[in-house]
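Residue numbers (the working numbering): 6 to 154.
First comes the structure, then the notes that go with it.
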């Protein structure tokens with residue numbers, strides 16, 4: 006019973022983080038709308054705000070989807086705790102980095118040229134890859150559960 010309560014609490018916390026990330030993505034949609042109304046479609050500001058908006062929406066939906074199936078996972082392994090943290094931290098990085106980029110840099114970054122660009126790229130975009138590793142752990146957990154049933 007205690008384990009079930011803890012899993013339910015984890016599911017609730019995941020859903021909360023998913024909603025916050027989704028909300029940030031929707032807020033960045035305001036910047037995207039402003040850039041669409043005031044700049045050319047090919048401008049850096051337009052692309053940066055569009056990127057931030059889409060990152061927020063997609064990452065928020067990803068966290069909410071995992072929260073929706075959270076009780077279907079086997080929760081005994083420590084890897085599930087690691088995967089949960091990788092997912093949440095990576096998805097926050099995936100929205101915060103693009104918002105900083107859109108607010109202060111206004112272009113899609115691959116190779117940083119200034120200190121702020123390096124901070125965004127190395128501080129947010131690279132940790133933004135963490136959800137990939139979390140999804141691998143979640144898939145492995147589900148496949149193991151399917152094989153055992």
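Glycine residues also receive a C-beta, built at the ideal position from the N, C-alpha and C atoms.
Predicted model only: the values in this text are computed from it and were never measured.
By the criterion of a C-beta distance shorter than 8 angstroms, residue 94 is surrounded in its chain by 132 and 135, once the five residues flanking it on both sides are discounted.
Here residue 74 carries a coil assignment [DSSP, helix/strand/coil]. In this structure, residue 12 places its C-beta atom within 8 angstroms of the C-beta atom of residue 76.
A distance below 8 angstroms separates the beta carbons of residue 100 and residue 29.
In the three-state scheme derived from DSSP, where H, G and I count as helix and E and B as strand, residue 117 is classed as coil. Annotation: the continuous alpha helix (DSSP H) that includes residue 152 extends over 135-153. With distances taken between CA atoms, residue 67 lies nearest to 25 out of 25, 102 and 108.
The continuous alpha helix (DSSP H) containing residue 86 extends over residues 83-105.
Contact annotation, residue 52 with residue 113: C-beta distance approximately 6 angstroms; criterion of less than 8 angstroms satisfied.
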